[in-house]
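Residue numbers (the numbering used here): 12 to 57.
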């Protein structure tokens, strides 16, 4: 299940995330979700 959230990010972070999402042919939301899931997994709190 997905839930909407509101985040405040630095402009340069948004710019880089958009570039990465575009190069991966994903929406910004999809890319952030994937990046956060990977970060959580890397922390070992899967």
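Virtual Cβ for every residue (Gly too), placed ideally from N, Cα, C.
If you're wondering where the values come from, they're calculated on a predicted model, not measured in any experiment.
Considering only 55, 13, 15 and 40, the residue with the shortest C-alpha distance to residue 25 is 40. Counted as a single uninterrupted DSSP element, the alpha helix (DSSP H) harbouring residue 47 occupies residues 39–53. For the 8 Å CB-CB criterion, residue 42 and residue 31 form a contact.
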